[in-house]
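For the record, the sequence lines run as chains A and B. This note's numbering puts the first residue of the first sequence at 30, with every later residue one more than the last. This note's numbering puts the first residue of the second sequence at 58, with every later residue one more than the last. In this text, a Cβ means the ideal position worked out from N, Cα and C, and glycines have one as well. On a predicted model such as this, the values are computed, not experimentally measured, just so you know. First the structure, in the form of structure tokens, and then the observations on it.
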Amino acid sequence: MSHTFTVSPDFSPDHLSGWYIFNTWLQRQSGEAIHLEMYDDFHAQRDAIQSNQIDLIYANPFDAAMLVREKGFLPLVKAADMSDEAIIAVSVDNAVNDISHLSAGINVATTEDPDVHMIGMIMLEAGNLDASNIQTHFHNSYVLIAKSLIQGKADVGIFLAEAYDGLSNLTKKQLKILVRSQIGVIHHSLMIGPTLAHRQTEFQQLLLAMNNDEKGKGVLNSLGFDAWVKVEGEEMEFMIDLMDTLSI
Amino acid sequence: MLSDMNPENIIGDYKEAVLHLYGDGSRKVFYTDIETPYPDGKLIVSTTDKAGVITHVNQSFIEMSGYTEEELIGTLHSILRHPDMPAVAFKDLWDTVNRGEKWQGFVKNLRKDGGYYWVKATVIPNIRNGQVVGYTSVRRKPSRTKVNECIQLYPTLF
Ligand SMILES: Cc1cc2nc3c(=O)[nH]c(=O)nc-3n(C[C@H](O)[C@H](O)[C@H](O)COP(=O)(O)O)c2cc1C
Chain A
30 MSHTFTVSPD
40 FSPDHLSGWY
50 IFNTWLQRQS
60 GEAIHLEMYD
70 DFHAQRDAIQ
80 SNQIDLIYAN
90 PFDAAMLVRE
100 KGFLPLVKAA
110 DMSDEAIIAV
120 SVDNAVNDIS
130 HLSAGINVAT
140 TEDPDVHMIG
150 MIMLEAGNLD
160 ASNIQTHFHN
170 SYVLIAKSLI
180 QGKADVGIFL
190 AEAYDGLSNL
200 TKKQLKILVR
210 SQIGVIHHSL
220 MIGPTLAHRQ
230 TEFQQLLLAM
240 NNDEKGKGVL
250 NSLGFDAWVK
260 VEGEEMEFMI
270 DLMDTLSI
Chain B
58 MLSDMNPENI
68 IGDYKEAVLH
78 LYGDGSRKVF
88 YTDIETPYPD
98 GKLIVSTTDK
108 AGVITHVNQS
118 FIEMSGYTEE
128 ELIGTLHSIL
138 RHPDMPAVAF
148 KDLWDTVNRG
158 EKWQGFVKNL
168 RKDGGYYWVK
178 ATVIPNIRNG
188 QVVGYTSVRR
198 KPSRTKVNEC
208 IQLYPTLF
């Protein structure tokens, strides 16, 4: 039987081929037939999860609660030294230097990336802004958010910090960071579903040893990672509880 | 039991109050008018066991409260109880989480040095295998507008 692996649709386009390389590596190492299925957006991916089509997922923290508590997924690993952080930025010409100086009615450019959007909205809340008193505009990429700030179409942008840092220097010169989150405990995780749960420990061992040989290291690099780190069940439960407190 | 605050730790001119804690007898506290602003972009996180005894604090909790991790683990959250906070707020907190629901509210917390900081707190029960095993609180930066409303409201709730 072939298993289906999927990746949170917010992966960086630079790493698309990396995920296919990783899938091939994982099949060889585990001896399981695994097919990589990429979805265009979170809605399509969630539908697939709901109808039990997914056996392995590199999941957005936002979906972790549903995966663990409704679908019986177990955590395997996360990328070492990485966490999901958000940045609130404005055009460099904007006179505002602090979230508290932003006013109701502003145009906010964001993405459908659920955890980044949520962290961004929490930072805006400190300026008394919420969904009811801003205009939200969804974009398909962080480059487009930068563009809409520079062109003056949006007042504020919510970025994945990593994506912001990866913008060209020319772009960044035209932008200004108001706040960068430093949460540290919200992260994507590779998770395994009930059909593969009996191989959780073996999969973890394979993944944790991945950076020990040149081949494995090369695969990790194609994903932009240095190594995998084990995620314990309670660490996952803690993150789910934390996300739960942030969802209201 | 929580020991009284030590005047030697207090920075600046202070006032004195005796808190009658629901969980832990009475405690003498010293408090000043010095506010520590909430750090941008950070969350203050702590977890307790079922009895409310602190089992985990993050770095921001340590920095904002002014206590060391050793001083915090094993104690109660009322170590942060500020005399300006009405008891009904915490009664509502405990009534809500005891029903298995999330509580959210604005809290003025007392630092070890007598100063204070405002937070927007969310408290949830930690449920594992269908059982409540503890509670987690995550605090975020509150808006000044909301804090000013609380400054008006809370004195009327005593
Ligand atoms: C997870 C959790 C976090 C809490 N955090 C705080 C806090 O930051 N500050 C505070 O004064 N009380 C906090 N409380 C409430 C205290 O337990 C306590 O009810 C309050 O300080 C008043 O003291 P008393 O109930 O002994 O009268 C928290 C409770 C829980 C369950």
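Using a cutoff of 8 Å, the CB of Ser117/B does not count as near ligand 1, since none of the ligand's heavy atoms is closer than that.
Taken in chain order, the whole beta strand (DSSP E) runs of length 3 or more contained in the region 139 to 213 of chain A are 164 to 168, 185 to 189, 204 to 209. Taking 8 Å as the cut-off, one finds at least one heavy atom of ligand 1 near enough to the beta carbon of Ser135/B. Sequence-distant Cβ neighbours of Lys202/A in its own chain, meaning closer than 8 Å and more than five residues away, are Val121. Going by beta carbons, Val204/B and Ile101/B fall outside the 9 Å limit. Using a CB distance cut-off of 9 Å, Ser129/A counts as an interface residue toward chain B. Sequence-ordered contacts of the region 262 to 273 of chain A with chain B read Glu266, Asp270, Leu271, Asp273 [C-beta pairs closer than 7 Å]. Distances from the CB of Trp175/B to the heavy atoms of ligand 1 are all 8 Å or more. Here the C-alpha atom of Leu225/A lies approximately 13 Å from the C-alpha atom of Gln82/A. Ala88/A and Tyr79/B have their C-alpha atoms roughly 43 Å apart. Look at Ala94/A: its beta carbon is at least 8 Å from all of the heavy atoms in ligand 1. Against chain B, a Cβ distance below 8 Å from Arg75/A picks out nothing, because the smallest value is about 23 Å.
For Ser83/B, the distance from the CB to the nearest heavy atom of ligand 1 is not below 8 Å. Around the CB of Ser218/A, 16 or more other CB atoms lie within 10 Å, so the residue is classed as buried.
A direct Cα-to-Cα measurement between Thr274/A and Ala62/A gives close to 38 Å.
For Met268/A, the secondary structure class from DSSP, reduced to helix, strand or coil, is helix. Against chain B, the CB of Ile135/A has no partner CB under 9 Å away; the residue lies outside that interface.
Within the region 103 to 120 of chain B, the residues whose Cβ lies closer than 9 Å to any Cβ of chain A are, in chain order, Thr104, His113, Asn115, Gln116, Ser117. For Leu137/B, there are no C-beta contacts with chain A under 9 Å, since the nearest C-beta of that chain is about 17 Å from it.
As a beta-bridge residue in DSSP terms, Gly82/B pairs with Leu78/B. Here Pro42/A is exposed, its C-beta having fewer than 16 other C-beta atoms within 10 Å. The CB of Ser200/B comes closer than 7 Å to the CB of Glu154, Ala155, Gly156, Asn157 in chain A, given here in chain order.
The continuous stretches of alpha helix (DSSP H) do not include Gln82/A, and DSSP gives it neither H nor E. Under DSSP, Tyr174/B forms a beta bridge with Asn166/B. Val248/A and Ile181/B have their alpha carbons spaced roughly 40 Å apart. Val208/A belongs to the set of residues whose beta carbon lies under 9 Å from a beta carbon in chain B. Between the region 148 to 159 of chain B and the region 125 to 136 of chain B there are fewer than three inter-stretch CB-CB distances shorter than 8 Å, so the stretches are not counted as touching. In this structure, the straight-line span from the alpha carbon of Asp84/A to that of Ala109/A is close to 23 Å. By the neighbour-count criterion, in which 16 or more other beta carbons inside 10 Å mark a residue as buried, Met30/A falls on the exposed side. One alpha carbon belongs to Gln116/B, the other to Gly60/A, and they sit about 43 Å apart. Within the same chain, Ser251, Leu252, Gly253 come within 8 Å of His44/A by CB-CB distance, once the 5 residues on both sides are set aside. Separation of Asn162/A and Ser37/A (C-alpha to C-alpha, rounded to the nearest whole angstrom) is 30 Å.
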